[in-house]
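Participant:
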Amino acid sequence: MEARPEPTPGPGQIRLRVEACGVCRTDLHVVDGELPDPKLPIIPGHEIVGRVEAAGDGVALAIGARVGAPWLGHTCGHCRYCRSAQENLCDAPLFTGYTRDGGFSTHAIADAAYAFALGETLDPVATAPLLCAGLIGWRSLKAAGDGEAIGLYGFGAAAHIVAQVCRWQGRRVFAFTRPGDSAGQAFARSMGAEWAGGSDEAPPAHLDAAILFAPVGGLVPAALAAVRKGGRVVCGGIHMSDIPAFPYRLLWEERSVVSVANLTRADGEEFLALAPRVPVRTTTRAYPLDMANEALDDLRSGRIEGAAVLVP
Ligand SMILES: [Zn+2]
Ligand SMILES: [Zn+2]
Numbered sequence: 011m012e013a014r015p016e017p018t019p020g021p022g023q024i025r026l027r028v029e030a031c032g033v034c035r036t037d038l039h040v041v042d043g044e045l046p047d048p049k050l051p052i053i054p055g056h057e058i059v060g061r062v063e064a065a066g067d068g069v070a071l072a073i074g075a076r077v078g079a080p081w082l083g084h085t086c087g088h089c090r091y092c093r094s095a096q097e098n099l100c101d102a103p104l105f106t107g108y109t110r111d112g113g114f115s116t117h118a119i120a121d122a123a124y125a126f127a128l129g130e131t132l133d134p135v136a137t138a139p140l141l142c143a144g145l146i147g148w149r150s151l152k153a154a155g156d157g158e159a160i161g162l163y164g165f166g167a168a169a170h171i172v173a174q175v176c177r178w179q180g181r182r183v184f185a186f187t188r189p190g191d192s193a194g195q196a197f198a199r200s201m202g203a204e205w206a207g208g209s210d211e212a213p214p215a216h217l218d219a220a221i222l223f224a225p226v227g228g229l230v231p232a233a234l235a236a237v238r239k240g241g242r243v244v245c246g247g248i249h250m251s252d253i254p255a256f257p258y259r260l261l262w263e264e265r266s267v268v269s270v271a272n273l274t275r276a277d278g279e280e281f282l283a284l285a286p287r288v289p290v291r292t293t294t295r296a297y298p299l300d301m302a303n304e305a306l307d308d309l310r311s312g313r314i315e316g317a318a319v320l321v322p
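The sequence shown maps to residues 11 to 322 in the numbering used here.
(1) Take every Cβ of the segment 135-144, pair it with every Cβ of the segment 23-35, and state whether three or more of those distances are shorter than 8 Å.
(2) Give the DSSP-derived three-state secondary structure of Tyr91 in the structure shown.
(3) What are the partner residues of Tyr258, as DSSP defines its beta bridges?
(4) Considering Glu63, what are the terminal residues of the beta strand (DSSP E) in which it resides?
(5) Suppose only complete runs of 4+ residues qualify. What are the alpha helix (DSSP H) ranges in the segment 219-248, listed by chain order?
(6) Suppose contacts are defined by Cβ-Cβ distances below 8 Å. Is Leu145 in contact with Phe281 by that definition?
(7) Expressed to the nearest angstrom, what Euclidean distance is found between the alpha-carbon atoms of Arg182 and Arg291?
(8) Quick one: using the 10 Å Cβ neighbour count with 16 as the cut-off for buried, is Pro214 buried or exposed?
(9) Taking 7 Å as the limit, name every residue whose beta carbon sits nearer than that to some heavy atom of ligand 1, in sequence order.
(10) With DSSP collapsed to three states, give me the class of Pro134.
(11) Name, in chain order, the residues that DSSP records as bridge partners for Ala331.
(12) Evaluate Arg310 with the Cβ neighbour count: other Cβ atoms within 10 Å of its Cβ, from every protein chain shown; 16 or more gives buried, anything less gives exposed.
(13) Alpha carbon to alpha carbon, how far is Glu315 from Gly161? Give it in angstroms, no decimals.
(14) Once DSSP output is grouped into helix, strand and coil, what is the label at Gln23?
(15) Starting from the Cα of Leu71, find the closest Cα among Gly78, Asp308, Val62 and give me that residue.
(16) Can you determine whether any heavy atom of ligand 2 sits closer than 7 Å to the C-beta of Cys31, and answer yes or no?
(17) Have a look at Arg76, Gly129, Ala169 and flag the residue whose alpha-carbon is nearest the alpha-carbon of Cys142.
(18) If you drop the 5 nearest sequence neighbours on each side, which residues of the same chain put their C-beta closer than 6 Å to that of Gly195?
(19) For chain D, find out if any of its Cβ atoms is closer than 8 Å to the Cβ of Thr85; answer yes or no.
(20) In chain order, what residues have a CB nearer than 5 Å to some heavy atom of ligand 2?
(21) Find the nearest neighbour of Gln23 within the set Glu263, Leu217, His117, judged by alpha-carbon distance.
(22) Can you check which of these residues, Asp67, Val267, Val319, is closest to Pro298 by C-alpha distance?
(23) Nearest-angstrom Cα distance between Pro225 and Pro254?
(24) Within 8 Å, do at least three Cβ pairs link the segment 75-90 to the segment 122-129?
(25) Can you tell me which of the three DSSP states Ser192 falls into?
(26) If you follow the alpha helix (DSSP H) that Ala153 is in, where does it begin and where does it stop?
(27) Over what stretch of residues does the alpha helix (DSSP H) that includes Gly278 continue unbroken?
(28) How many angstroms separate the CA atom of Arg14 from the CA atom of Trp262?
(29) Among Ala296, Ala283, Ser269, which has the Cα closest to the Cα of Leu151?
(30) Whole-angstrom Cβ separation of Leu306 and Val41, contact assumed at under 8 Å?
(31) Kindly list the residues whose CB is nearer than 8 Å to the CB of Asp111, restricted to its own chain and excluding five residues on each side of it in sequence; keep chain order.
(32) Identify whether Glu97 lies in helix, strand or coil by the three-state DSSP scheme.
(33) Smallest Cα separation from Arg265: which of Gly155, Gln179, Gly66, Gly20?
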């Protein structure tokens with residue numbers, strides 16, 4: 011922990027007093043040096059729920075308003091991706107907690123135009139995981155298509171949210187955990203999975219699509235083997251260990267593998283409007299800010315059910 015002067019928001023920016031900040035697997039990848047070109051030193055954290063405490067020129071948000079600051083912190087607005095509704099792929103973005111300081115802190119700077127308005131009555135701890143696990147989970151689910159049987163590999167923060175959305179949409183959920191993780195499998199069943207097993211097991215039915223949240227490349231061929239003809243495998247994480255070589259017959263018959271990168275503001279608006287209708291109920295474990303390292307260690311070792319959230 012260290013003390014710094016409170017940051018001053020520039021034009022279009024706000025300073026947030028952080029109420030809660032979720033701990034995402036991407037924070038682990040940042041801390042472990044697995045992602046290229048971070049700002050250093052960096053304050054991680056990109057699932058920020060906070061109150062506007064100060065605003066720069068040109069900001070319409072009221073002082074005291076509650077907002078959420080997600081991973082996508084800024085985009086250039088003029089590259090080919092920004093101009094074609096793919097701002098998630100912007101050529102010159104800023105990412106909260108990676109290339110701009112994030113929310114493992116008492117205060118954080120955000121661009122007002124990339125923050126989401128949040129309700130006064132919601133619980134900051136319960137809401138924080140929606141801002142990445144929820145948003146990326148939602149974008150991944152859209153990429154999976156509208157098939158009925160969805161496999162979720164890695165049943166952590168994102169999957170426990172996506173499972174609830176799938177059930178609400180009338181889909182079937184099949185959950186894959188680390189082999190032998192019977193507590194994780196029971197948790198998945200409690201979130202609506204009709205089957206939960208180890209990632210080395212075959213599900214009892216063909217999947218229409220599978221979403222990989224676990225950063226394990228070996229799961230790509232496993233998931234391809236589990237999806238039906240024409241099925242889709244969506245890689246939802248920012249980093250993954252190498253994908254091993256696999257026989258072409260696993261990809262044959264028009265199966266596909268795609269990745270999901272970042273989020274657009276439209277994803278956020280969609281999901282944050284949908285979450286209370288489901289309603290999504292997050293399972294969280296709150297840690298005081300000075301236990302950030304313990305929270306990261308617990309996430310790394312799979313000791314957390316649902317999502318870890320830091321509370322300054
Ligand atoms: Zn751009
Ligand atoms: Zn994240």
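Using N, Cα and C, we set each Cβ at its ideal position, and we do this for glycine too. Bear in mind that the values here come from a model prediction, so they are computed numbers and not experimental data.
Facilitator: Looking at the coordinates:
(1) yes
(2) Taking the sequence shown and counting its residues from 1, the one referred to as residue 91 is at position 81. Correct three-state label for Tyr91: coil.
(3) Here residue 258 is taken as the residue at index 248 of the sequence shown, counted from 1. BP columns for Tyr258 are empty, so no partner.
(4) By one-based count along the sequence shown, residue 63 stands at place 53. Per DSSP, Glu63 belongs to the beta strand (DSSP E) from 58-65.
(5) 229-236
(6) For this step, residue 145 is matched to residue 135 along the sequence shown. For this step, residue 281 is matched to residue 271 along the sequence shown. In contact: Leu145 and Phe281 (Cβ atoms closer than 8 Å).
(7) If you number the sequence shown from 1, residue 182 lands on position 172. If you number the sequence shown from 1, residue 291 lands on position 281. Taking the straight line from one Cα to the other gives about 18 Å.
(8) Along the sequence shown, one-based indexing puts residue 214 at 204. With fewer than 16 Cβ atoms within 10 Å of its Cβ, Pro214 is classed as exposed.
(9) Going by the Cβ distance cut-off, the answer is Thr85, Cys86, Gly87, His88, Cys89, Tyr91, Cys92, Glu97, Cys100, Asp101, Ala102, Pro103.
(10) Translated into the one-based positions of the sequence shown, residue 134 becomes position 124. Three-state DSSP puts Pro134 in a helix.
(11) With the chain covering 11 to 322 only, the question about residue 331 has no answer from this structure.
(12) Within the sequence shown, numbered from 1, the residue matching residue 310 stands at position 300. So Arg310 counts as exposed.
(13) Along the sequence shown, one-based indexing puts residue 161 at 151. Along the sequence shown, one-based indexing puts residue 315 at 305. Near 19 Å, if we compare the C-alpha coordinates of Glu315 and Gly161.
(14) The residue you call residue 23 lines up with position 13 of the sequence shown. Strand, per DSSP.
(15) Locating residue 71 in the sequence shown gives position 61, where the first residue counts as 1. Nearest of Gly78, Asp308, Val62 to Leu71, Cα basis: Val62.
(16) Residue numbering aside, residue 31 sits at position 21 when the sequence shown is read from its first letter. The answer is no for Cys31.
(17) Locating residue 142 in the sequence shown gives position 132, where the first residue counts as 1. Selection Arg76, Gly129, Ala169 evaluated against Cys142 yields Ala169 as nearest (Cα-Cα).
(18) To locate residue 195, count along the sequence shown from 1; it is residue 185. Per the sequence shown, residue 195 should be read as Gln rather than Gly. Answer for Gln195: Thr187, Ala206, listed in chain order.
(19) This model lacks chain D altogether, as it is built from one protein chain only.
(20) Cys34, Thr36, Cys142
(21) For the purposes of this step, residue 23 is identified with residue 13 of the sequence shown, where counting begins at 1. Ranking the options by Cα distance to Gln23, first place goes to His117.
(22) The sequence position of residue 298 within the sequence shown is 288, counting from 1. Of the candidates Asp67, Val267, Val319, the one whose C-alpha sits nearest the C-alpha of Pro298 is Val319.
(23) As a position in the sequence shown, residue 225 is number 215, starting the count at 1. As a position in the sequence shown, residue 254 is number 244, starting the count at 1. So the two alpha carbons sit approximately 13 Å from each other.
(24) yes
(25) Position 182 of the sequence shown holds residue 192. Ser192 falls in the helix class under three-state DSSP.
(26) To locate residue 153, count along the sequence shown from 1; it is residue 143. Element bounds for Ala153: 143-153.
(27) For the purposes of this step, residue 278 is taken as residue 268 along the sequence shown, with counting starting at 1. DSSP places Gly278 in the uninterrupted alpha helix (DSSP H) bounded by 275-284.
(28) As a working note, residue 14 is residue 4 in the sequence shown. As a working note, residue 262 is residue 252 in the sequence shown. Approximately 55 Å, taken between the alpha carbons.
(29) The residue given as residue 151 occupies position 141 in the sequence shown. Minimum Cα distance to Leu151 is reached at Ser269.
(30) As a working mapping, residue 306 is identified with position 296 in the sequence shown. As a working mapping, residue 41 is identified with position 31 in the sequence shown. Taking C-beta atoms under 8 Å as the contact rule, Leu306 and Val41 qualify, at a distance of about 6 Å.
(31) Start at 1 with the first residue of the sequence shown, and residue 111 comes out as number 101. For Asp111, where only same-chain residues beyond five positions count, the Cβ hits under 8 Å are Pro17, Lys49, Ile52, Ile53, Ala118, Ile119.
(32) Translated into the one-based positions of the sequence shown, residue 97 becomes position 87. It is helical.
(33) Start at 1 with the first residue of the sequence shown, and residue 265 comes out as number 255. Taking only the C-alpha atoms, the option nearest Arg265 is Gly155.
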